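Letter by letter, the sequence shown follows residues 30 to 431 in the numbering used here.
Beta carbons are placed, not taken as given, at the ideal position from N, Cα and C, and that holds for glycine.
As the structure is a computational prediction, the values presented were derived from the model and not from experiment.
Please read the structure below before turning to the comments.
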Amino acid sequence: MIVEVRGAGFSNKGAELMLRTAAKRLRERDPAVQIAIEPTEGARFAERSQLGLAAIYPSSNLLSGRLRSAALRSRWIRSLAFLPMRASLPQQADSMLGLIDRKQSDALIDIAGYAYGDKFPPVKTRVAAEAAADYARRSKPVIFMPQMFGPFKNANGRSWFSRAADRSDLLYARDQVSYDMVREVIGDDPRLRLCPDMTIASLPPEGTITLPKEGTAPYACIVPNERMAEQGRAEWGDKYLSRLHDALVRISQAGLRPVIVIHTSDPGDRQMAEHLKAQLAGADAEIFDNPDPYALKLKLGGARFLVGSRFHSIVAALSMGVPAVSLGWAHKYEMLARDFGVERLMHRGADAPEHLISLVDELIDPSANEALRETIRVRGDACRSKVEEMWAAVHQLLEATR
Numbered sequence: 030m031i032v033e034v035r036g037a038g039f040s041n042k043g044a045e046l047m048l049r050t051a052a053k054r055l056r057e058r059d060p061a062v063q064i065a066i067e068p069t070e071g072a073r074f075a076e077r078s079q080l081g082l083a084a085i086y087p088s089s090n091l092l093s094g095r096l097r098s099a100a101l102r103s104r105w106i107r108s109l110a111f112l113p114m115r116a117s118l119p120q121q122a123d124s125m126l127g128l129i130d131r132k133q134s135d136a137l138i139d140i141a142g143y144a145y146g147d148k149f150p151p152v153k154t155r156v157a158a159e160a161a162a163d164y165a166r167r168s169k170p171v172i173f174m175p176q177m178f179g180p181f182k183n184a185n186g187r188s189w190f191s192r193a194a195d196r197s198d199l200l201y202a203r204d205q206v207s208y209d210m211v212r213e214v215i216g217d218d219p220r221l222r223l224c225p226d227m228t229i230a231s232l233p234p235e236g237t238i239t240l241p242k243e244g245t246a247p248y249a250c251i252v253p254n255e256r257m258a259e260q261g262r263a264e265w266g267d268k269y270l271s272r273l274h275d276a277l278v279r280i281s282q283a284g285l286r287p288v289i290v291i292h293t294s295d296p297g298d299r300q301m302a303e304h305l306k307a308q309l310a311g312a313d314a315e316i317f318d319n320p321d322p323y324a325l326k327l328k329l330g331g332a333r334f335l336v337g338s339r340f341h342s343i344v345a346a347l348s349m350g351v352p353a354v355s356l357g358w359a360h361k362y363e364m365l366a367r368d369f370g371v372e373r374l375m376h377r378g379a380d381a382p383e384h385l386i387s388l389v390d391e392l393i394d395p396s397a398n399e400a401l402r403e404t405i406r407v408r409g410d411a412c413r414s415k416v417e418e419m420w421a422a423v424h425q426l427l428e429a430t431r
């Protein structure tokens, strides 16, 4: 069986963890399954080959300039552009080159995370809808794995999402707000279901990761996110970095080792981390960066607590039983905190700086920290059960359409 996984990437470590999680679960069920993703700037050959992933070919991402832009907006132009690319493929392109034509794929699994809604250009949703249509025409299953959706006020984006949903067999919203926004578009539909983030049930492999020794003192993590200066600017303005700085100072004053974790290979987060480290007068902060998302999750899982804004860093901490204060720019942060019973650990741009410090002080306190950990553990078990139910439904659908 060949499965295409859409929306995958390696630069964002949350996206990579979703990809690794999907590949692992598919292979556990069917060791012979072939998994293919589209080649992109964020999914290069070296990274794909390390995980044994094939590449979808032809792909609009391999076109250049205006032709690529036109192909993304027109199925007919895309078909014409693909003709010479298909003609050049040898018969054994999959085994010789690791290239798989989408027409050979038996199922489509979308793990975009958050790509369909008014915050993104409608062309993203259009491409997803057309990919889903390619599979639906061949009676092949289309599955949207748990992700954030909406809002859908833009008429063009709303129309394309309706088409994408219409061609899906399973459509999982990652939170109640996303579920309600999708239901507003497609109505009550048994294909629409609710499931928390699938990486909640994805733990670092035991005994396979060794983290560098940086001291034995207990530590707390700060995770910056460059998107807070873009997507979150309306709410946060210029306050974001100063809030993270205040949290770092308080962590250091409490005798904890401050660790700034970089959760992406994009340069913006590192620039923020270097700035925060330089501003921490009289104390030193460790900057932790690792290409392996499981190593990042293991590091976060050893922290006393986390203060941050990379969504999957917060998922990683909570799924490892570690309290996390969320500074976010979308409803997914609040919904995640609600899943784990820690809604009050949300800090918003409109809150006073003292509110964040009070949350940090609470997490510094051992008894308060342990009480929160117990709540997180109980809620985490419930979340993992829902993820397992989701995978059971996915496997059942895939096996029924072989």
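Among the options, which has the Cα closest to the Cα of residue i?
i    : options                : result
L388 : G378, R373, A194       : R373
S78  : F39, L325, T245        : F39
Q63  : A72, I215, A52         : A52
F74  : F111, L96, L128, R104  : L128
W265 : D198, D380, M364       : D380
M114 : S88, R299, L137, F340  : S88
G331 : I386, P233, V407, S338 : P233
P382 : D275, A310, V290, I393 : D275
P151 : Q133, N319, H360, N183 : N183
N185 : S93, A160, A161, R155  : R155
S103 : E159, L48, P68         : E159
E45  : M30, A61, D59, E76     : E76
V344 : D267, I66, K326        : K326
P296 : G36, R35, M30, N41     : N41
L356 : S117, R408, D368, S342 : S342
Tell me which same chain residues have a C-beta within less than 7 Å of the C-beta of residue i, skipping the five on either side of it?
i    : result
E417 : A230
I106 : A99, A100
M364 : D204, Q205, V206
R413 : I229, A230
Exposed or buried, which one is residue i when buried takes at least 16 other CB atoms within 10 Å?
i    : result
D209 : exposed
T430 : exposed
K242 : exposed
L109 : exposed
Q176 : buried
R279 : buried
L221 : buried
A302 : buried
N254 : buried
E33  : buried
T239 : exposed
L305 : buried
K361 : buried
L112 : exposed
P68  : buried
R166 : exposed
M174 : buried
R131 : buried
M419 : buried
A157 : buried
What did DSSP end up calling residue i once you bin it into helix, strand or coil?
i    : result
V152 : helix
L80  : coil
E45  : helix
F435 : Nothing about residue 435 can be reported from this structure: the residues present for the chain run from 30 to 431 only.
A139 : Contrary to the premise, residue 139 reads as Asp rather than Ala in this sequence. Strand at D139.
A144 : coil
I85  : strand
L426 : helix
R166 : helix
E255 : helix
T69  : strand
A122 : helix
M375 : strand
V34  : strand
A61  : coil
F369 : coil
I172 : strand
F178 : strand
I238 : coil
A157 : helix
So, at 6 Å on beta carbons, what are the nonlocal neighbours of residue i in its own chain, with the 5 sequence-adjacent residues on each side left out?
i    : result
A346 : L329, L335, A353
A194 : L200, I215
P170 : A136, D198, L426, T430
G350 : R402, I405, R406
I291 : D298, R299, A302, D318
L309 : L277
A147 : Residue identity differs from the one stated: residue 147 is Asp in this sequence, not Ala. Excluding positions up to five away in sequence, the list reads P180, K182, N183.
So, at 8 Å on beta carbons, what are the nonlocal neighbours of residue i in its own chain, with the 5 sequence-adjacent residues on each side left out?
i    : result
S191 : V214, I215
L285 : A246, P247, Y248, A249, R333, I393
I289 : C250, I251, V252, P253, L277, A302, L305, K306, A314, E315, I316, F317
* To do: Could you name each continuous beta strand (DSSP E) segment of 3 residues or more that falls completely within the region 182–236, going from the start of the chain to the end?
  => List check, beta strand (DSSP E) in window: 199–202, 221–223.
* Asked: Where in the region 287–356 do unbroken runs of the beta strand (DSSP E), each at least 3 residues long, occur, reported from the N-terminal end onward?
  -> 315–318, 335–337, 353–355
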